[in-house]
Amino acid sequence: MVLNIQNLTKIYPNGLKALDNLTLEVNHGMFGLLGPNGAGKSSLMRTLATLQSPDTGTIHFEDIDVLKNPMDLRKQLGYLPQEFGVYPAMSAVKLLDYLATLKGIASRNERKQLVSRVLDVTNLYEVRNKNVINYSGGMKQRFGIAQLLLNNPKLIIVDEPTAGLDPTERNRFLNILREIASNNIIIFSTHIVDDVKDLCNDMAIMNGGKILKKLQPSLAVKELEYKIWTANITREKLEEAEQATNVLSSKYNHDNSINIRVFAEAQPSFEFVNTTPNLEDVYFIALKNIS
Amino acid sequence: MFVTICRFEIKQWLKSWSFYIYFFAVYLLALLSMAGASGAFGENSSLINIANAPLGIYGFINFFNKLLLIILPAIVGGTIYKDFKSNFHSILYTYPFSKTNYLFAKFISAFCIVLLIALAVVGGLITGTILPTANPAQLLPFNAAPYLYTFCWITIPNLFLLSVVVFAVVLFSRNIYTGFIAVVLFWLLKEIAVRIMGGFTEGMASIIVDPFAESTVQYYTRYRTQAEQRTSQLPHEPIIIVNRLLWLCVALIIFYISYRSFSFSQSAVSIGLKRKRDERSVKTNVGTIIKIDLPDTTFDFSFWHHLKTSMKLAWVDFGFITKSNAFISIVVAGAVFIMALLLQMNSQTDTRILPVTWVILGFPVFFFSFLIQFLTFLYAGILVHRDSTANFAQLIAVTPVPNWVLLLSKWLAMVKVQVLLLLIIMVSGIAVQVGSGYYQVEIGHYLFDLFVIHLISFMIWAFLSILVQTVITNTYLGLFVLILLLLGISQLPAVGIKSYLLRFNDTPNSNFFLYYSDISGYGQSLKPYFLFKTYWLLLGIVFFEIATLFWQRQQTNGFVERLVIVRKGISGHTAAALLVSLIAFISFGFYLFRLEQLPENTILSGQNEQALLTQFQYKYGKLEQIKQPRITSAFVQLDIFPETNSFIARGNYTLINKTTIPIDTLMIKTGYDEITTLSFNTSATLVSKDDTFKFAVYTLQKPLAPGDSIKLLYTVRNRANTLLVQNSNVLKNGTYLKNDILPQVGYFANTDKKHPGESTAFHNHYQSINSDLINFEAVLSTSPKQIAITAGTLQKEWMENNRRYFHYKMETPIKFVVGFQSGEFAKAEETYKGIDLKIYYHPQHTYNLQQMIEGLKAGLNYNVANFGAYQHKQAKIIEFPRQIGSYATTSGNCIQISETRCINDPGKTVKGGIDLSFYVAAHELTHQWWGNQVIPADALGATMITESITEYISAKIYEKKYGKQHALKFLDIQLSRYLAGRANESGREPPLYLVNPEQSYIAYGKGSIALYTLSEYIGEDTLNKSLNAFLDKVKFQHPPYTTTLELLDYLKQATPASLQYLIVDLFEGTDKEKLLFHFNKMRKAG
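Read top to bottom, the protein sequences are chains A and B.
Here the numbering used here = 1-based position in the first sequence + 901.
Here the numbering used here = 1-based position in the second sequence + 448.
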């Protein structure tokens, strides 16, 4: 099972290059697409979900030419957009039944069983008869998962799903995703490094409409072993440090000193101590184009 | 802060292209309307109308104000709604400005924009008057006053009121769509209120209550003649100011209430019939890992599943529309509206017709269909954009469901809404019927009319609405465009597009359902209707397929990208389907085009006919001077075949040369729609003929000497009906043919009426160019179930070859004006004073038989007592279908009467209304003396002798039966008929004694008042004696025929010298005030 994206380009009328000759191959499992806001993640996700046409390029999923036969992909596609609404005054059961019909499930009985099962696994069963429009953010996201499961999709596209969720909801949400990922492709975009850290066996870092780096999180982190250094400096020294070294990230400590993390083959200076690399370091290295 | 928000809002509008679309569309429409009315396109509907007369300007602006009502919610509602829609309000409401600032600024900026667009109307109208091609005769010099008056007194207050209503509704519902519904609802309530308050003619209540002041202006201008309209200003009555102030207060109160109750809280107010059961949810289980094991399901992507999906989705959409309170209130108001329409019917004449089914399916449905159409336009947009409005579109777009399934579901949902609305008509119609004690509910007729005839039409509109709303992504702009299309299509004939194939959803005689008859049903109209609707349905399918291409599934940036996607979409199945439906549409269109072009299907338009007649008169006019022999007896054998809509007439005329010179030239005109063959019992040669007017000129080999006679033999057949055109007047039931199917002798094309003083005026009587009194005999045959009737006494009736024969003969000579009728009639009869009174009626129409018999008897009593014996042995009333007309007439010993006059509510008379059936029977019988005994010359004033006198006598008969109060009420109705009639008069109003035949408002309205008034001054007896003396002198006369000059002599003799001024004021003059003065004085004295 493989999703193959070749030379995708999309330029908006205002001149913004949302996708810039993007090429990417995704294999089964959970694939994280990490990038800052405005990196083109949503454009890519929408394009994959057949909701937007690229100017050039091809997308193949297994033997489906997605851009030519979007309908064939839709039969196997689950999509959770970054933001969505629902019809007012309709309960989860009704909405899911509605969507299940659209997804091609003809038998009323099968729909009924399936709907109650997806409600069960997303833990919405108790609130199934309540209007979805009144759901909390986390419940609505789970409803989003419930609806995308309806056609037993092979390709699942989830666009920034954890934004705005509280920690428990986020956790629960990621668990469900992980659970589904066992025999599908899930492409999951986020700007939060932690989201991909434990879940994704494969990921890419995206910015400016381009894939900066495709990697396996554990390997990538391992590659940085002994190359990440940290130091506490005063606020006044920050610019100096940035000049002198590849500062990946910096944050305040309680005593108003600043903790910086630096990428370097060797210890930059005596204040720095070596530290365990993490995925965030990988991310920043990619973004800042340090090699 | 106020100024900042206000300026910001106005700037936003001025930057939006929809504002410019509204502005220029309205400007252009106003310009075109004014230009059209002022003859700038060369097409002058009526030369006399002044396009920019004050009342004309008011009319235009008032019309466009209604169009503005459609734009108004988009602007006034939009200004509030956009804050909710973009969720901007949650930020906005935290800003440091007060709600006073916010609300006032929002409202005033939006209202300014509305007024700006309203000014475009005024601008457009003014521009329309200064086009170089305008006809100066149809324009007055520019005068700002009427524009100012209408804008300040009508436009601003009306738009202000509605803006406030919309503003308040959208503010609390947070939904722009309820703003639209509020406008519709407001309009419906207004119509209901005005109707319940007594319509336009009476009742100060409706004048004050009308929130648009339409009835108010109409009330003060209704009797204005065209000449007065040209010069006089719009009314400045204090009532108008009272009305305006009243509604200004209402608007301010609504604004104040909504201002008080508005707060920057964030949830919309919903007025629910039931409380929502939603409860608060509390998280119980946190962070468990669940195994995802979904049951096996089978997927079905077949056509049938898609179709089933469409139906299912349609129910969801249908529920979405119908469960909303807005829709429910529209439905309730609509039902009340229908009932109000039915209950006020004919209130102005104080009669009421029974709510038979076609009455309900007539005008109420006609009005209600505009509502259905509007809701179709609106809901098409709401449904098409529903997914994106709810932000649900992406979830649907990624499902493997083809576009057509989604769009079909929208279309089906709309058709369901239409069906529901039509059901409302049916239910309220039946409620009105049963409520008024009428139990002959024709369910089948309801179902066919509403769900076959009307529904097809609405379905076709639904297709177009789906297309427009899909292409235009803004619901309210789409609605506006659809309304413009609707208006534009109705104007196509005015710009020369006459073919029905180019007028969307139009069909030949598209309003035929208004003329359904209990006797003959829909007649021939159904065939062309369904043919053309099939054609439009095919186009609807093409529209639908184009709409599926435009259906927005993907996010696009700009229209160009949409077009690219549309082009990509044309492939495989969609391309094939589109091609097939296009071919079907075009080939069917071509078939209809060929049909339309066939000579038997082309109908002369009024304009063409006039041109051809002028040509004819130029060519043959000289023949007018040639004397012709007169028809002295006519025999016809007429075989009517109702099953095949055909007839054949064989017969002959005896023509006698009554002049003093030999005649060698014969002119014969035969029926337009008939195929006639002629022969003479002497040799004659055809020298010239005109095929358009079926006119032929023969030369007799042996000239006809004075006093000699020849026989003209003819065979006449009808032209067959075609798919599109009804050529034959033979109906399946209720045929009514007139003697115009038979040949006429002489030059027919002189239509000028002469002054009664001219010597050439006396040769012909007012209803014939070629005969005086004739002997008449006829043998009619028809199908075995039907009865055939014509003038004369039945000599014999028999069956032959499974056909029913009737032989009629007139004992005494009659005018050559006869009718031939055939139908499945029931018969009521009674002998009264030696006269056989008979009524042949449609078996269902038994409602007025008694009153009609009473009318005949009363007519006999009064006329025999005052004007001598009745000349026939029988008086037969025969009903005819309403497609032919709604009149009643007299010929020979028959009275033909339209079915519309056989369904009067008999209960109404009891409650003090006018007994129309009684009155009509008495009136028509009176014509046996005044029209058939006294036969006036073919000159101006003839209808004073026939109609004014008859109407006066009818009033007297009425008075004898129902008392003076009722007779005066009856005269009041005649007075408003006169006043309204003269307001519509395009030429100059002549005095009564020179009345034109088509000026019935003078002959009937003024005539009856004038003679009745005279009778009260000089005494009924004196007047009748004088009339009787006149009758005695001229009855059954031969040429020269009598005129009003002779009648006036008798009236003058009967009037004392002190009252001679009455003759001048009532009969010889045209001063309305003097007539009113004498009438009112007489009324007070009585």
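Think of the CB as a built atom: it goes at the ideal place given N, C-alpha and C, for glycine as much as any other residue.
Under a Cβ-count criterion, where at least 16 other Cβ atoms within 10 Å of its own Cβ denotes burial, should residue i be classed as buried or exposed?
i	result
B/His833	buried
B/Asp1353	buried
B/Lys1529	exposed
A/Asp956	exposed
A/Gln953	buried
B/Thr452	exposed
B/Tyr948	buried
B/Gln1422	buried
B/Cys1342	buried
A/Asn915	exposed
B/Thr732	At B/Thr732 the pLDDT is 48, less than 50, meaning the model places this residue with poor confidence; the figure from the coordinates comes in the next sentence. Label assigned to B/Thr732: exposed.
B/Glu1278	exposed
If contacts are defined as beta-carbon pairs under 8 Å, then residue i and residue j qualify, I think. What distance do you get, rounded to the angstrom?
i	j	result
B/Arg1167	B/Asp1121	6 Å
B/Leu1440	B/Ser1402	At roughly 17 Å, the Cβ-Cβ gap does not stay under 8 Å, so B/Leu1440 and B/Ser1402 are not in contact.
B/Tyr1214	B/Leu1190	The Cβ separation is near 19 Å, so there is no contact.
A/Met931	A/Phe1089	6 Å
B/Phe928	B/Leu987	About 22 Å separates the two Cβ atoms, so there is no contact after all.
B/Pro956	B/Phe980	7 Å
Mind checking which residues open and close the beta strand (DSSP E) that includes residue i?
i	result
B/His1255	1251-1257
A/Tyr1036	A/Tyr1036 -> no beta strand (DSSP E), and no H or E assigned at all.
B/Val1266	Looking at the DSSP string, B/Val1266 is not in any beta strand (DSSP E), and its letter there is neither H nor E.
B/Met645	Per DSSP, B/Met645 belongs to no beta strand (DSSP E) and is neither H nor E.
A/Ser1151	1147-1153
A/Asn908	903-912
Tell me whether the beta-carbon of residue i lies closer than 8 Å to the beta-carbon of residue j.
i	j	result
B/Ala1209	B/Ala1387	yes
B/Gly576	B/Met482	yes
A/Arg975	A/Thr1002	no
B/Ile1351	B/Ile801	yes
B/Ser968	B/Asn1181	yes
A/Phe1100	A/Arg1079	First, the amino acid is wrong: residue 1100 of chain A is Leu here, not Phe. Taking 8 Å as the Cβ cut-off, A/Leu1100 and A/Arg1079 qualify as a contacting pair.
B/Ala1153	B/Asn1105	yes
B/Gln1149	B/Gln1269	no
A/Gly941	A/Ala919	yes
B/Val569	B/Leu520	no
B/His1375	B/Thr1348	no
B/Leu1443	B/Gly1389	The identity of residue 1443 of chain B in the sequence shown is Val, whereas the question assumes Leu. A contact, by the Cβ cut-off of 8 Å.
B/Gln821	B/Trp909	yes
B/Gln1076	B/Leu1114	yes
To which residues does DSSP link residue i through a beta bridge?
i	result
B/Lys1324	B/Lys1286, B/Cys1342
B/Pro423	With chain B running from 449 to 1534 in the structure shown, residue 423 of chain B is simply not present.
B/Glu1278	B/Leu1285
B/Arg1165	B/Ile1096, B/Ile1123
B/Ala1082	B/Tyr1101, B/Phe1224
Can you name the start and end residues of the alpha helix (DSSP H) that residue i belongs to?
i	result
A/Leu949	942-949
B/Val1227	From DSSP, B/Val1227 is part of no alpha helix (DSSP H) but of the beta strand (DSSP E) over 1219-1230.
B/Phe559	547-577
A/Asp1182	1180-1188
B/His1021	1020-1045
B/Met759	751-770
B/His684	Here B/His684 belongs to no alpha helix (DSSP H), and DSSP marks it neither H nor E.
State yes or no: is the beta carbon of residue i nearer than 8 Å to at least one beta carbon in chain C?
i	result
B/Gly1006	The structure shown contains no chain C; the protein chains it does contain are A and B.
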